[in-house]
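First to last, the sequence lines map onto chains G and A. Residue numbering for the first sequence follows the numbering used here, starting at 13 and increasing by one per position. Residue numbering for the second sequence follows the numbering used here, starting at 3 and increasing by one per position. Encoded as structure tokens, the structure appears first; notes follow it.
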Amino acid sequence: MIILQAKDITVGYTEVDILHEVSITAGSGEIISIIGPNGAGKSTLLKTIFGLLKPRHGTITFKEWDITGLKPNMVVRKGISYVPQVDNVFPSMTIQENLEMGAFIRNDDYSQRLKEVYELFPAMAERRKQKVGHLSGGQRQMVAMGRALMLDPQVLLLDEPSAGLAPVLVSGIFEKIRDINATGVAIVIVEQNAKEALKMAHHGYVLAMGRNVLDDTGDALLANEEVGRLYLGG
Amino acid sequence: MVELTIYGIVLGSIISLGSIGLTLVYGIIRFANFSHGDFLTAGAYVALFLVTGIMAWIGIPDTNFGSLSFGWRMVIAFPISMAVVAGVAILLDQILYRRLRAKKSGAVILAMSSLGAAFIIRMIILILWGADSLFYKPGLMRPAIELPLGAKIRPDQILILCVVLFLVAALHIFLKSTKMGKAMRATADNKELALVTGIDTERIIIWTWGIGGALAAAAGILYGIDVQLHPYMGWNFLIPLFAATILGSIGNMYGALIGGLIIGVAQQVSTAFLMPTYKLPVAFIIMILILFIRPQGIFGKE
Numbered sequence: 013m014i015i016l017q018a019k020d021i022t023v024g025y026t027e028v029d030i031l032h033e034v035s036i037t038a039g040s041g042e043i044i045s046i047i048g049p050n051g052a053g054k055s056t057l058l059k060t061i062f063g064l065l066k067p068r069h070g071t072i073t074f075k076e077w078d079i080t081g082l083k084p085n086m087v088v089r090k091g092i093s094y095v096p097q098v099d100n101v102f103p104s105m106t107i108q109e110n111l112e113m114g115a116f117i118r119n120d121d122y123s124q125r126l127k128e129v130y131e132l133f134p135a136m137a138e139r140r141k142q143k144v145g146h147l148s149g150g151q152r153q154m155v156a157m158g159r160a161l162m163l164d165p166q167v168l169l170l171d172e173p174s175a176g177l178a179p180v181l182v183s184g185i186f187e188k189i190r191d192i193n194a195t196g197v198a199i200v201i202v203e204q205n206a207k208e209a210l211k212m213a214h215h216g217y218v219l220a221m222g223r224n225v226l227d228d229t230g231d232a233l234l235a236n237e238e239v240g241r242l243y244l245g246g
Numbered sequence: 003m004v005e006l007t008i009y010g011i012v013l014g015s016i017i018s019l020g021s022i023g024l025t026l027v028y029g030i031i032r033f034a035n036f037s038h039g040d041f042l043t044a045g046a047y048v049a050l051f052l053v054t055g056i057m058a059w060i061g062i063p064d065t066n067f068g069s070l071s072f073g074w075r076m077v078i079a080f081p082i083s084m085a086v087v088a089g090v091a092i093l094l095d096q097i098l099y100r101r102l103r104a105k106k107s108g109a110v111i112l113a114m115s116s117l118g119a120a121f122i123i124r125m126i127i128l129i130l131w132g133a134d135s136l137f138y139k140p141g142l143m144r145p146a147i148e149l150p151l152g153a154k155i156r157p158d159q160i161l162i163l164c165v166v167l168f169l170v171a172a173l174h175i176f177l178k179s180t181k182m183g184k185a186m187r188a189t190a191d192n193k194e195l196a197l198v199t200g201i202d203t204e205r206i207i208i209w210t211w212g213i214g215g216a217l218a219a220a221a222g223i224l225y226g227i228d229v230q231l232h233p234y235m236g237w238n239f240l241i242p243l244f245a246a247t248i249l250g251s252i253g254n255m256y257g258a259l260i261g262g263l264i265i266g267v268a269q270q271v272s273t274a275f276l277m278p279t280y281k282l283p284v285a286f287i288i289m290i291l292i293l294f295i296r297p298q299g300i301f302g303k304e
């Protein structure tokens, strides 16, 4: 069942278009990986889906709702959470407070959800009173994802979660993303680390110069010769 | 010297109250609010209007509490004045700064427009009350309590310290324990992420102006009780306020508290060596020195 669909998206920050009629589709519970060279417009696509940018053309549908042009604080209420690539935590607040802020728009008792998120990230539970600004890059990334999960979203948008992390930490992050997906959350992930991203993907998209170039199952893209040569380093 | 230090702590606590508001506004709305000093003045004069105008007209008795220099009228006027100035601050934001924000104006444009707002507030006060110094209670005897080491403190000043302590504690609890307070801290930390999390940052901004305005009004009234009222009182506080804010790292409420006390004590103690007219330059020199030596302030990161 399709849960999120962006169709023919054309968008830019100024008059110049960054994306030209880009489309992606995510089924519920799937991992969708978007890969491509720097400047292909991958992050722009996520921002547009989340409402941080308003598309010039095209539509974005989430479940049965047309969410095109909806502001982020409304999109998040529908059930989509977004983790920006940088500055994705509240550094002077504790881990616990970061997670509470993730649940800001919830008016119900979210203690059960808090427990589940801590179960997903046990390392965070031990340090819940620590300020996030004092944590390492990998741990911050966990906090950022934990914060986004507090709303129990149906779709999680991740912008390059492995960027700037030591290689030894990267596999840990991807493992967590698989764990999150296993709880039933659909994930749309933008990644530089194309190989890892495609390995776990149900479906992958290759963007270049702001256009759809290829799309196929993750395995098929991994096996694709051209993709291998251009994006997977031989 | 002990006495000057005590007076410095009293003055410093008033500066702290003002600079906490200034630093909150800077942390969340990201501009230097030059009208903050005039919020102090506005608070003091609104209280004056209530105490000597409306409440005299209604006929609320004006007997003092024990050896304090005020009575029930001030107790009633204090929170009302805080609310009025909070309203003024929010109104200014809605008719002025919000529009500029929507047009993505830079921090300099916002700061300059706040300078304009400062003039407007001050001129209104000048038109309504004139340029003379005023008192909540003219011709008042101000008995002092003897302390060890030959120092004296007035009951009013003890009360001022208590009020500041109470307000700071209340703000601390608000920021640490309430949902709205935490959301304010989150917005100060990372406004974009706050928006992404679903926090209505415009609502946070309104709260911030309200709290900043209310604390400024409280500071103005306390200064009026301690010394006197003057249309330029708040404007003259602007440099100490900014010095305290920068000293304690911009955006850091606890830094502003400490910064305010340091500036207040330094200003008062300096009168032992310098003419009292140099109090303001003392604050200014401290500010310049911090900017040279440690521009991020005491509590800032490298």
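In this text, a Cβ means the ideal position worked out from N, Cα and C, and glycines have one as well. Just so we're clear, the structure is a prediction, and the values are computed from it rather than from any experiment.
- Shortest Cα-Cα distance from residue 84 of chain G to any of G:95, G:76 and G:75 involves G:95.
- At least 7 Å separates the beta-carbon of residue 198 of chain G from that of residue 218 of chain G.
- Neighbours of residue 88 of chain G in chain A, taken as residues at a C-beta separation under 8 Å, are given in chain order as 198, 199 and 200.
- For residue 184 of chain A, the neighbours in chain G by C-beta distance under 7 Å run, in chain order, 109, 112 and 113.
- Just measuring C-alpha positions, the residue of A:105, A:272, A:43 and A:101 sitting nearest residue 84 of chain A is A:43.
- One finds 184, 187, 188 and 191 in chain A with Cβ atoms closer than 9 Å to the Cβ of residue 105 of chain G, taken in chain order.
- Contiguous alpha helix (DSSP H) elements confined to the stretch 136 to 202 of chain A occur at 157 to 179, 181 to 191 and 193 to 198, taking only those with 4 or more residues.
- Closer than 7 Å to the CB of residue 117 of chain G there is at least one CB belonging to chain A.
- Its chain contains 151 and 154 as the residues whose beta carbon lies nearer than 8 Å to that of residue 135 of chain G, once the 5 sequence neighbours on both sides are disregarded; these appear in chain order.
- Using a Cβ-Cβ distance cut-off of 8 Å, the stretch 64 to 81 of chain A and the stretch 269 to 278 of chain A are not in contact, since fewer than three pairs of beta carbons, one from each stretch, lie closer than that value.
- Boundaries of the beta strand (DSSP E) harbouring residue 16 of chain G: 14 to 23, taken from the DSSP string.
- DSSP, reduced to helix, strand and coil, places residue 70 of chain G within a strand of the structure shown.
- Proximity of residue 193 of chain G to chain A, defined by a Cβ-Cβ separation below 7 Å, is not satisfied.
- Any Cβ of chain A closer than 7 Å to the Cβ of residue 102 of chain G would place that residue at the interface, and such an atom is present.
- Distance from the Cα of residue 132 of chain G is smallest, within the candidate group G:178, G:28, G:184 and G:36, for G:184.
- Within 7 Å of the CB of residue 122 of chain G, no CB atom of chain A is found; the nearest one sits about 12 Å away.
- Excluding residues up to 5 positions away in sequence, 35, 70 and 71 lie with their Cβ nearer than 7 Å to the Cβ of residue 19 of chain G in the same chain.
- Under a 10 Å Cβ-count criterion, residue 121 of chain A is classified as exposed, with fewer than 16 other Cβ atoms of the shown protein chains found around its own Cβ.
- Listed along the chain, the chain G residues whose CB falls inside 9 Å of the CB of residue 194 of chain A are 64, 96 and 99.
- Considering only beta carbons, the part of the stretch 41 to 62 of chain G lying closer than 8 Å to chain A consists of 62, in chain order.
- Around the beta-carbon of residue 241 of chain G, fewer than 16 other beta-carbon atoms lie within 10 Å, marking it exposed.
- Beta-carbon to beta-carbon, residue 253 of chain A and residue 190 of chain A are separated by about 6 Å, close enough to satisfy the 8 Å threshold.
- The closest CA to that of residue 115 of chain G, considering only G:162, G:108 and G:92, is found on G:162.
- Within chain A, the C-beta atoms nearer than 7 Å to that of residue 84 of chain G come from 197 and 198, in chain order.
- Counting C-beta pairs closer than 8 Å gives fewer than three between the stretch 201 to 217 of chain G and the stretch 225 to 234 of chain A, which falls short of the contact rule.
- By a beta-carbon distance limit of 8 Å, residue 12 of chain A does not contact residue 240 of chain A. Their separation comes to about 19 Å.
- Following the DSSP letters along the chain, one finds residue 216 of chain G inside the beta strand (DSSP E) bounded by residues 215 to 220.
- Counting the other CB atoms within 10 Å of its CB gives residue 121 of chain G a total below 16, which places it among the exposed residues.
- For the pair residue 300 of chain A and residue 266 of chain A, the CB atoms are not nearer than the 7 Å cut-off.
- Taking residue 202 of chain G as reference, the option from G:195, G:170 and G:147 with the minimal CA-CA separation is G:170.
- Nearest C-alpha to residue 147 of chain G among G:232, G:100, G:191 and G:87: G:100.
- If you draw a 10 Å sphere on the C-beta of residue 30 of chain A, you find 16 or more other C-beta atoms in it, and that means buried.
- Beyond the five residues adjoining it in sequence on each side, residue 103 of chain G comes within less than 6 Å, by CB distance, of 144 and 145 in the same chain, given in chain order.
- Secondary-structure assignment with DSSP links residue 94 of chain G through a beta bridge to G:169.
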